[in-house]
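K.L.:
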Amino acid sequence: MPAAAERPFPSGPPREPAGPPERVAAGPLVLRRVHADDAGAIAVAVGASLDHLRPWMPWATPDAADLRSQLVRVVEADELWESGIGFIYAMIATDGGRPAGPSAVKDPDGEFVGTIGLHRRLADETVEIGYWTVAARTRRGYATAAAQALTPVALALPGTRRAEIHCDEANTASAGIPRKLGYRLDRVEAHEREAPGERGRRMIWVRDLAEGPRATGETAGRAARGGAR
Ligand SMILES: CC(C)(COP(=O)(O)OP(=O)(O)OC[C@H]1O[C@@H](n2cnc3c(N)ncnc32)[C@H](O)[C@@H]1OP(=O)(O)O)[C@@H](O)C(=O)NCCC(=O)NCCS
Numbered sequence: 407m408p409a410a411a412e413r414p415f416p417s418g419p420p421r422e423p424a425g426p427p428e429r430v431a432a433g434p435l436v437l438r439r440v441h442a443d444d445a446g447a448i449a450v451a452v453g454a455s456l457d458h459l460r461p462w463m464p465w466a467t468p469d470a471a472d473l474r475s476q477l478v479r480v481v482e483a484d485e486l487w488e489s490g491i492g493f494i495y496a497m498i499a500t501d502g503g504r505p506a507g508p509s510a511v512k513d514p515d516g517e518f519v520g521t522i523g524l525h526r527r528l529a530d531e532t533v534e535i536g537y538w539t540v541a542a543r544t545r546r547g548y549a550t551a552a553a554q555a556l557t558p559v560a561l562a563l564p565g566t567r568r569a570e571i572h573c574d575e576a577n578t579a580s581a582g583i584p585r586k587l588g589y590r591l592d593r594v595e596a597h598e599r600e601a602p603g604e605r606g607r608r609m610i611w612v613r614d615l616a617e618g619p620r621a622t623g624e625t626a627g628r629a630a631r632g633g634a635r
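Under this note's numbering, the residue at position 94 of the sequence shown is numbered 500, and the numbers go up by one with no gaps.
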């Protein structure tokens, strides 16, 4: 057997791509890699949701509702994706093809209802999942469906051992998602307040790779396997 460097063709199974799929089916949603065409929808959605986002999201300022600043953010998101560090998806509600209502932020695939991101921390083999939804589209299970679909996607990233969801203790809406998905509350630690609604105590919800697909459910596995296009 010649040494690897001398072999005429690479051997062994084909390598997995380093990044996640750019589209993931997530129940009533499709999650789609954010691209420049989404900047307008994000700006409109943020503008209509400022009061809802401001308590928890430090970036939720009037400037974030401006198309130009969202264009800059999409370029940054693109760079993060290419560097393999961060993967931001638009949450698009397809809801079985039902027409979107009058207040909808329309999208070619349905309706824009928020974003969700995977953020890698290479040092401790962790991927953190963060999300927000449009104020007029809360409590429809969208954030849960998106996080459910992306949990196995996060855990499949090379060198990843755990997925985490962080939220301030006062953010009961956000804590509802990992709780519902069967994440384990690993710890609560003091942190500097970054947004006005925060109490300064951060909940760290964890899903370990070693725990298997049980807690995120069969549907999440199906969504991730069948949904990547
Ligand atoms: C947190 C947030 C993303 C939730 O999105 P969502 O799509 O409405 O969440 P879901 O419909 O999937 O809710 C899942 C569960 O969370 C809990 N929950 C959601 N909103 C809640 C609220 N306003 N009050 C109390 N519990 C809530 C419930 O347990 C809910 O399940 P149920 O509706 O069956 O009771 C959304 O409220 C949001 O964008 N908030 C502002 C930004 C933010 O806080 N982002 C997270 C930062 S850590």
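Using N, Cα and C, we set each Cβ at its ideal position, and we do this for glycine too.
Is Glu453 helix, strand or coil when you go by DSSP?
P.N.:
According to the sequence shown, residue 453 is Gly rather than Glu. Residue state, collapsed to three classes: helix.
K.L.:
What's the call for Phe579, buried or exposed, on a 16-neighbour Cβ count within 10 Å?
P.N.:
According to the sequence provided, residue 579 is Ala. The question's Phe does not apply to it. Result: exposed.
K.L.:
If we ignore side chains and look at the alpha-carbon of each, how far apart do Val519 and Pro558 end up?
P.N.:
C-alpha separation (whole angstroms): 22 Å.
K.L.:
Exposed or buried, Asp513, counting other C-beta atoms within 10 Å across all chains shown (16 or more means buried)?
P.N.:
So Asp513 ends up on the buried side.
K.L.:
Three-state secondary structure (DSSP) at Tyr548?
P.N.:
Looking at Tyr548 - three-state DSSP - the assignment turns out to be helix.
K.L.:
Tell me whether Thr557 sits in a helix, a strand or coil according to DSSP, three-state version.
P.N.:
Thr557: helix per DSSP, three-state reduction.
K.L.:
Could you spell out the range, first to last residue, of the beta strand (DSSP E) harbouring Ile494?
P.N.:
Start and end: Gly492 to Ala499.
K.L.:
Quick check on the burial criterion: 16 or more other C-beta atoms within 10 angstroms. Buried or exposed for Ala529?
P.N.:
By the 10 Å Cβ count, Ala529 comes out exposed.
K.L.:
Please state whether DSSP places Thr467 in a helix, a strand or coil.
P.N.:
Coil, per DSSP.
K.L.:
With DSSP collapsed to three states, give me the class of Pro426.
P.N.:
Residue state, collapsed to three classes: coil.
K.L.:
Given Gly565, which residues of its chain have a CB within under 6 Å of its CB, disregarding the five upstream and five downstream residues?
P.N.:
Correct list, in chain order: Glu531.
K.L.:
Under a three-way DSSP split, which group does Ala601 fall into?
P.N.:
Note: Ala601 maps to coil in three-state DSSP.
K.L.:
Below 7 Å CB to CB, which residues in the same chain sit around Arg585 once its five sequence neighbours on both sides are set aside?
P.N.:
Closer than 7 Å at Cβ, skipping near neighbours: no residue.
K.L.:
Just to confirm the assignment, what range does the alpha helix (DSSP H) spanning Glu617 have?
P.N.:
Taken as a continuous stretch (DSSP letters only), Glu617 belongs to no alpha helix (DSSP H), as it is neither H nor E.
K.L.:
Would Ser509 be called buried (16 or more neighbouring beta carbons within 10 Å of its own) or exposed?
P.N.:
Exposed: under 16 other Cβ atoms inside 10 Å.
K.L.:
Quick check: the Cα distance between Ala454 and Thr539, rounded to an integer number of angstroms?
P.N.:
If you take the alpha carbons of Ala454 and Thr539, they lie about 11 Å apart.
K.L.:
How many whole angstroms separate the CB atoms of Gly425 and Gly490, which I take to be in contact at a CB cut-off of 8 Å?
P.N.:
Contact flag correct, Cβ pair sits at about 6 Å.
K.L.:
Within 10 angstroms of its Cβ, does Val480 collect 16 or more other Cβ (buried), or is it exposed?
P.N.:
Per the 10 Å Cβ criterion, buried.
K.L.:
Hey, is the segment 451-465 in contact with the segment 435-442, meaning 3+ C-beta pairs nearer than 8 Å?
P.N.:
Result no; under three Cβ-Cβ pairs closer than 8 Å.
K.L.:
Are the CB atoms of Arg568 and Asp501 within a distance shorter than 7 Å?
P.N.:
Cβ atoms of Asp501 and Arg568: not closer than 7 Å.
K.L.:
Looking at the secondary structure, which residues open and close the alpha helix (DSSP H) in which Trp538 lies?
P.N.:
It is not in any alpha helix (DSSP H) - Trp538 instead sits in the beta strand (DSSP E) that spans Thr532 to Thr539.
K.L.:
Quick one: Cα of Pro414 to Cα of Glu482, how far?
P.N.:
In this predicted model, Pro414 has a pLDDT of only 46, less than 50, meaning its place in the structure is not dependable; the value taken from the coordinates is given anyway. The straight-line gap from Cα to Cα measures roughly 39 Å.
K.L.:
For Ala470, which residues in the same chain have their Cβ closer than 6 Å to its Cβ, ignoring the five residues on either side in sequence?
P.N.:
Taken in chain order, the residues that qualify are Val452.
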